Every structure is written in structure tokens, then in C-alpha cells.
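Heads up, the sequence shown is in this note's numbering, so the first residue is 261 and it goes up one at a time.
Glycine included, each C-beta is placed from N, C-alpha and C at the ideal position.
Keep in mind that this is a model prediction, so the values were computed, not measured.
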Amino acid sequence: MALRADDLIDRRRLRRKLTFWRVAALVVAAAGLIAFSSWIYGDDFTGTAVDHIAKVKIEGTITEDEDLIKQLETIRQSSRVKAVILSIDSPGGTTVGGESIYEAVRKLAAEKPVVAEVGTLAASAGYMIATAADHIVARKSSIVGSIGVLIQYPDVSGLMDKLGIKLE
261 MALRADDLID RRRLRRKLTF WRVAALVVAA AGLIAFSSWI YGDDFTGTAV
311 DHIAKVKIEG TITEDEDLIK QLETIRQSSR VKAVILSIDS PGGTTVGGES
361 IYEAVRKLAA EKPVVAEVGT LAASAGYMIA TAADHIVARK SSIVGSIGVL
411 IQYPDVSGLM DKLGIKLE
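Dropping the structure here:
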């Protein structure tokens, strides 16, 4: 029994429609699985569904970094993060930036253990942030210290003129 040309065309159309609906069903199933997973894991659906220790890098000149402060707040609220390692390598920065990050780390340290790990350098605002942690770990050759160093140059030229003092 030979198939007619019309029957072959109808069969191809049916096969295409069937393939389309199979692909559509797979896409809907995948979207449903993702939605269900995010509903089950809630805020912790970030790729890690197990308890872990978070590591936050603070490098370079410290300024008021809203993204870093939001990241620290997200870590504080996560039930999956059990402790935090702050990896600090900074020569310092602005007092406002250092203080805002310090406050965020203190808030985090009130709820979870925080350890500051110093790489090469943690000076000025970098050291201030490290002091917000529960413990500071540094290598023998790491440079750590000097909070609040401000350089001020008084202008005493008027006084020197009155006293008759001249510089050569």
C-alpha cells in the first residue's frame, strides 16, 4: 500500500507540531522546577544550598562602598552562612568609607563569627575594618596598623615674619 503525497505532508506537519509541543513542555517544566527551587530555598537560592563560610575581599583604597555594605548585610541575613572571612589588603582610604564598612562588619560580627585575614597590608581604614572582626590573622611580614593618621601642616609663615625668622 503506497502512501500518497498528501498523507506524507500531513504526517510531516503532525511531526512538527508534536516536536513543538514537546519542546514547549520541557521549557515549562524547567521554569516550574526553577520556580519551585527558589520557593523552597527562599533567599538562600544563590547556588549554595549548604552551610558554608563566606569570604569577602576588601582590596585597594577604601571608599564608601554601598555594594560591599549590601553584600555584608545579605551575608548577615543568610541562614546558610555560618562564619565570615574578611580578606583585607588595603593601604586605607576615607574615614567615612572605613567607618561605614566598620559598622557593617560590627553588625555582622554580633551574629556570626568574623575573622579578618590580612594579606600584605591593612593600614588606616583597612586596619580599622579589621578591628571590627572577632579575630585578626596576619603573616609575619604583613604591615598592620596606624588608624587615624591625618597629616596637617600648620601655616606659620605670618608668625615667622613677625618674629623675623627666615628660612633658607
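Fill in: As assigned by DSSP and simplified to three states, the class of residue 434
The structure shown does not extend to residue 434, since the chain spans only 261 to 428, so no value can be given for it.
Item to complete: Indicate whether the contact test is met: 3 or more Cβ pairs, each with one atom in the stretch 269-283 and one in the stretch 308-322, closer than 8 angstroms.
Response: The answer is no - the stretch 308-322 does not touch the stretch 269-283, with fewer than three Cβ pairs under 8 angstroms.
Worksheet item: Is residue 270 helix, strand or coil by DSSP?
Response: On the sequence shown, residue 270 is found 10 positions in, with the first residue counted as 1. Reduced to three states, the DSSP call for residue 270 is helix.
Fill in: Inside the stretch 334-406 only - beta strand (DSSP E) runs reaching at least 3 residues
Correct list: 341-350, 374-383, 395-398, 403-405.
Fill in: Identity of the residues DSSP links to residue 316 by a beta bridge
In the sequence shown, residue 316 corresponds to position 56, counting from 1. As DSSP reads the structure, residue 316 sits in a beta bridge with 346.
Worksheet item: With distances taken between CB atoms, is the gap from residue 429 to residue 325 smaller than 8 angstroms?
Response: Lying before the first or after the last residue shown, residue 429 is absent from the chain, which here runs from 261 to 428.
Worksheet item: From residue 403 to residue 316, what distance separates their C-alpha atoms?
Response: As a first step, residue 403 must be located in the sequence shown, where it is residue number 143. As a first step, residue 316 must be located in the sequence shown, where it is residue number 56. Annotation: residue 403 to residue 316 spans about 20 angstroms, alpha carbon to alpha carbon.
Discussion item. For the alpha helix (DSSP H) containing residue 415, name the first residue and the last one.
Written reply: Taking the sequence shown and counting its residues from 1, the one referred to as residue 415 is at position 155. Premise fails: residue 415 is in no alpha helix (DSSP H) and is neither H nor E.
Worksheet item: Do residue 298 and the ligand PLP come close, with the Cβ less than 7 angstroms from some heavy atom?
Response: The ligand PLP is not among the ligands present in this structure, which contains no ligands whatsoever.
Worksheet entry | Chain-order list of residues whose beta-carbon lies under 6 angstroms from that of residue 385 (same chain, five-residue window excluded) | Counted from its first residue, the sequence shown places residue 385 at position 125. Take residue 385, set aside five residues on each side of it, and the residues of its chain with a beta-carbon closer than 6 angstroms to its own are 322, 352, 353, 358, in chain order.
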